[in-house]
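Engineer: Mind the numbering: the sequence shown is residues 80 to 380 in the working numbering, read in order.
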Amino acid sequence: MDTVLAIDMGGTKTAVATFTADGTLVERSVEPTTPGHPEVTVARLAERARALDGFVHARATGMALPAIVDEDGRVVWAAASVTDWLGTDVGDLLRAALSLPAVAVFDGYAATEGEARYGAGQGIDSLATLIIGTGFGAGVWLDGHVVEGRTGVAGAVGWDRWTLPDGSLSDPVESIASGSGILATARARGHPQDYADTRIVFDRAAAGDEVAREAVTLAATAAGTVAGHIIDLLAPRLVVWSGGVGSRADFSEQATVVARQSCQPYASTRTQFTCSSLGAESSLVGAAARALSIAKGEDPR
80 MDTVLAIDMG GTKTAVATFT ADGTLVERSV EPTTPGHPEV TVARLAERAR
130 ALDGFVHARA TGMALPAIVD EDGRVVWAAA SVTDWLGTDV GDLLRAALSL
180 PAVAVFDGYA ATEGEARYGA GQGIDSLATL IIGTGFGAGV WLDGHVVEGR
230 TGVAGAVGWD RWTLPDGSLS DPVESIASGS GILATARARG HPQDYADTRI
280 VFDRAAAGDE VAREAVTLAA TAAGTVAGHI IDLLAPRLVV WSGGVGSRAD
330 FSEQATVVAR QSCQPYASTR TQFTCSSLGA ESSLVGAAAR ALSIAKGEDP
380 R
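1. Return the CA-CA distance between Ser331 and Pro315, expressed in angstroms with no decimal places.
2. Looking at the unbroken alpha helix (DSSP H) that takes in Gln333, where does it start and where does it end?
3. Short check: CB of Glu106 to CB of Thr93, under 8 angstroms?
4. Enumerated in chain order, which unbroken segments of the alpha helix (DSSP H) with a length of 4 residues or greater are wholly contained in the region 211-289?
5. Does the beta-carbon distance from Thr213 to Ser254 come in below 8 angstroms?
6. Do you know how far the Cα of Gln340 is from the Cα of Thr91?
7. Does the region 352-370 come within contact of the region 179-193, defined as at least 3 CB pairs closer than 8 angstroms?
8. Looking only at C-alpha atoms, which of Leu124, Arg138 and Glu126 sits nearest to Phe98?
9. Rounded to the nearest angstrom, how far is the Cβ of Gly133 from that of Thr82, given a contact under 8 angstroms?
10. Give the secondary structure of Ala175 by DSSP, where H, G and I count as helix, E and B as strand, and everything else as coil.
11. Below 8 angstroms, can you find three or more Cβ-Cβ pairs linking the region 148-164 to the region 318-327?
12. Is the beta carbon of Asp250 closer than 8 angstroms to that of Val305?
13. Is the distance from the Cβ of Val382 to the Cβ of Val169 below 8 angstroms?
14. Give a yes or no on whether the C-beta atoms belonging to Thr264 and Leu243 are separated by under 8 angstroms.
15. Output the distance between the C-alpha atoms of Trp220 and Gly358, rounded to the nearest integer angstrom.
16. Would you mind giving the Cβ-Cβ distance between Pro117 and Leu172, rounded to the nearest angstrom? I have them listed as a contact below 8 angstroms.
17. Between which two residues does the beta strand (DSSP E) containing Thr93 stretch?
18. Pull up the distance between the alpha-carbon of Ala143 and that of Met88, whole angstroms please.
19. For Val236, I'd like the list of residues in its chain whose CB is within less than 6 angstroms of its CB, leaving aside the five on either flank, ordered along the chain.
20. In the DSSP assignment, what are the bridge partners of Phe185?
21. According to DSSP, is Ile203 helix, strand or coil?
22. Roughly how many angstroms lie between the CA atoms of Val121 and Asp311, to the nearest whole one?
23. Just mark Leu248 as buried or exposed, buried being the case when its beta carbon has 16 or more other beta carbons within 10 Å.
24. Where Gly228 and Arg127 are concerned, what is the direct C-alpha to C-alpha distance, given to the nearest angstrom?
25. How far does the beta strand (DSSP E) with Val161 in it reach, from first residue to last?
26. Hey, out of Ala125, Ala299, Ser356 and Gly200, whose CA is closest to Gln333's CA?
27. Looking only at its own chain, which residues have a Cβ that is under 6 angstroms from the Cβ of Arg196, when we skip the five neighbours before and after it?
28. Nearest to Gly234 by CA position, among Asp222, Asp245, Ala256 and Leu209, is which residue?
29. To the nearest angstrom, how far is it from the Cα of Arg349 to the Cα of Ser205?
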């Protein structure tokens, strides 16, 4: 049975997995993301891939990473976790290490494609995903394709800023609306030692911790406002809350209320909202979808 290999290099962890042609997971391996030279990292990824069930039947590789990949497959902008990859032709490295056709893609696009093809958006002709995890990104699916834009970075909503009372600009919205942002807010407003990680912030918020609750609410309000802007501009049929933070019900429910309040009233009544059915795995599944496209000889974009 033919398979494909999918790799998702996130800010904190990197997943390698095999999938069947219908998008079913065969086996997955997860390790922490560690900075390093791309050739060394890809060699390690190839080692992990070869140990997976189904790899011997793999026909292509797809890799999602928090970076902008140009039309030639070269990284032209990279998040802090993968700055060593700037200028790297990721596809060439993967092909050399794995002896398989390969494609690299911005993780926001991969998450959007994963949701549209195999997740909560199956059968929907237009959707927007808001991917909230280590950072904050978005993607749009329209008529069977991810909208990538002329600059190749459509959906970089985590960079949105707003004007402060003194006329200066705020920090980017993902400094608030992200897992790292929620943790930073809780630590800044409370006792840092009380909040070891973002999961604990959510746990303490559920238990009634006011500082933790404020951190989560602030993030959900910011994310919901951004979602409202996307609805006003693009009018998608469905909004999918995705990512390790975004797909949590205790986050997405708050963010949805704000999104409905902040967008055009008629659109508010007609736009559907849902949590991701893939959660933090959406980028990994999207990478598999891209690999399936090239395995079939299709244009992966």
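The beta-carbon is built from N, C-alpha and C at its ideal position, and this holds for glycine as well.
Structural biologist: Let me lay it out:
1. Taking the straight line joining both Cα atoms gives about 17 angstroms.
2. Run containing Gln333: Ala328 to Ser341, per the alpha helix (DSSP H) assignment.
3. Inclusion of Glu106 and Thr93 in the CB contact set at 8 angstroms is not warranted, their separation being larger than that value.
4. Whole alpha helix (DSSP H) segments, 4+ residues: 258-268 and 277-285.
5. Not in contact: Thr213 and Ser254 (Cβ atoms no closer than 8 angstroms).
6. Approximately 33 angstroms, taken between the alpha carbons.
7. Touching, yes, given that three or more Cβ pairs across the two stretches are closer than 8 angstroms.
8. Per the Cα distances, Arg138.
9. Yes, they are in contact, since the Cβ atoms of Gly133 and Thr82 sit about 4 angstroms apart, within 8 angstroms.
10. Here Ala175 sits in helix by DSSP.
11. Put simply, the region 148-164 does not touch the region 318-327. Fewer than three CB pairs are less than 8 angstroms apart.
12. No, the pair does not count as a contact, with Cβ atoms beyond the cut-off.
13. Residue 382 falls outside the range modelled here, since the chain spans only 80 to 380, and no answer is possible.
14. For Thr264 and Leu243, no; Cβs fall outside 8 angstroms.
15. When rounded, the distance between both Cα atoms is 17 angstroms.
16. Contact flag correct, Cβ pair sits at about 6 angstroms.
17. Lys92 to Thr99 is the span of the beta strand (DSSP E), which, as asked, contains Thr93.
18. About 6 angstroms.
19. If we look at Val236 and ignore the five residues flanking it on each side, its Cβ neighbours are Ala217 and Val305.
20. Beta-bridge pairing links Phe185 to Leu144.
21. Ile203 falls in the coil class under three-state DSSP.
22. The alpha-carbon of Val121 is positioned some 41 angstroms away from that of Asp311.
23. Classification of Leu248: exposed, given that the 10 Å Cβ count is below 16.
24. Spanning the two alpha carbons is a distance of roughly 34 angstroms.
25. Counted as a single uninterrupted DSSP element, the stretch harbouring Val161 is not any beta strand (DSSP E), since DSSP gives it neither H nor E.
26. If we check each option's Cα against that of Gln333, Ala299 comes out closest.
27. If we look at Arg196 and ignore the five residues flanking it on each side, its Cβ neighbours are Ala368.
28. Among Asp222, Asp245, Ala256 and Leu209, the Cα nearest to that of Gly234 belongs to Leu209.
29. Looking at the two C-alpha atoms, the distance is approximately 13 angstroms.
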